[in-house]
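Notes follow the structure.
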Amino acid sequence: MKKLFLAIAVLSVTAVSTANAQTKFLRFGLKGGANLGKLDGQGYKDGFNLGYHLGGFAQVNLTKSFGVQGELIFSSSTVKTTNDFNQVINPDNLNDPANNDKKIKLNYLSIPILANISLGSPRVKLQVGPQFSALVSDKNVIKGADEAFKGGDVAGVAGLWLQLPIVNISARYIVGFTDVKGINTVTDRGNWKNQGIQLGVGVTL
Numbered sequence: 001m002k003k004l005f006l007a008i009a010v011l012s013v014t015a016v017s018t019a020n021a022q023t024k025f026l027r028f029g030l031k032g033g034a035n036l037g038k039l040d041g042q043g044y045k046d047g048f049n050l051g052y053h054l055g056g057f058a059q060v061n062l063t064k065s066f067g068v069q070g071e072l073i074f075s076s077s078t079v080k081t082t083n084d085f086n087q088v089i090n091p092d093n094l095n096d097p098a099n100n101d102k103k104i105k106l107n108y109l110s111i112p113i114l115a116n117i118s119l120g121s122p123r124v125k126l127q128v129g130p131q132f133s134a135l136v137s138d139k140n141v142i143k144g145a146d147e148a149f150k151g152g153d154v155a156g157v158a159g160l161w162l163q164l165p166i167v168n169i170s171a172r173y174i175v176g177f178t179d180v181k182g183i184n185t186v187t188d189r190g191n192w193k194n195q196g197i198q199l200g201v202g203v204t205l
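According to full-length UniProt numbering, the sequence shown holds residues 1 to 205 in order.
Structure, rendered in structure tokens:
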């Protein structure tokens with residue numbers, strides 16, 4: 001998964017460089033905002049928890065009504081465990097003794113590759129496409145995270161993008177396709193899949 005993630009990053013940079021040489025419709029920007037994320041699966045509380053994301057993007061506007069947008073996003077999310085978490089992994093592995101809520105913080109580096117489809121106006125766009133993510137840190141909240149969580153995630157993204165003259169506003173829903181549970185010794189415990197809502201504000205350069 002990490003090799004796939006690196007290959008996608010290289011291809012994205014190459015595609016952006018090629019487009020820059022061929023068109024004047026290339027735009028860059030920065031964005032950030034709130035994450036509302038959760039992990040669906042046994043041992044985790046239902047409901048979304050607040051996090052954040054920061055990153056940048058590049059838009060290639062192929063026509064007035066269609067374009068492609070690639071992003072590089074650092075995303076931090078928090079999940080809370082339940083009483084049956086010990087049926088999946090030893091809860092004593094949660095390091096911090098003050099962590100009474102049994103929270104686990106997961107940080108991902110994500111590359112969404114989205115189609116931008118104008119909805120009657122070049123300022124309002126529907127965004128859909130895949131997102132490829134790599135787990136970069138668990139903030140030492142859980143021992144053996146390499147065993148508890150897989151290093152990568154593949155998801156689908158759908159949302160809206162409002163492009164003002166300088167400021168951009170976005171809202172999107174992210175559904176994980178990959179079972180991110182990496183515990184090889186546990187069987188028949190269901191999948192762990194990421195879900196999230198991202199609300200962002202940015203600047204288009």
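The C-beta atom is built at its ideal place from N, Cα and C for all residues, glycine as well.
Span of the beta strand (DSSP E) around residue i
i: N191; result: Counting along the chain, N191 falls outside any beta strand (DSSP E), and DSSP gives it neither H nor E.
i: S110; result: 103-121
i: F28; result: 26-40
i: I73; result: 66-80
Identity of the residue in the options nearest residue i by Cα
i: S77; options: L160, K64, F48, G182; result: F48
i: S118; options: F28, L62, K102; result: L62
i: S170; options: L30, K80, L26; result: L30
i: D46; options: T204, L205, G196, V201; result: G196
i: G52; options: G129, G41, V154, L109; result: Sequence inspection shows Tyr at residue 52; the Gly mentioned does not correspond to that position. Selected option, being the one with the closest Cα: L109.
i: P122; options: I104, L162, A158; result: L162
i: L54; options: G159, G182, V79, G32; result: G32
i: T81; options: V60, N194, I73, G43; result: G43
i: R172; options: V154, F66, Q198; result: Q198
i: G200; options: F132, T178, E71; result: E71
i: I104; options: G37, F132, Q69; result: G37
Burial state of residue i, where buried means 16 or more other Cβ atoms lie within 10 Å
i: L50; result: exposed
i: N191; result: exposed
i: P165; result: exposed
i: F149; result: buried
i: F57; result: buried
i: V180; result: buried
i: T18; result: Note that T18 has pLDDT 46, beneath the 50 cutoff, so the model's placement of it is unreliable and the number below is only indicative. Flag for T18 reads exposed.
i: K64; result: exposed
Cβ distance (whole Å) where residue i is taken to contact residue j below 8 Å
i: L135; j: G152; result: 7 Å
i: L114; j: Q127; result: 4 Å
i: N116; j: G159; result: 11 Å between Cβ atoms; not a contact.
CB contact below 8 Å: residue i versus chain C
i: H53; result: The question asks about chain C, but that chain is absent: this structure has only one protein chain.
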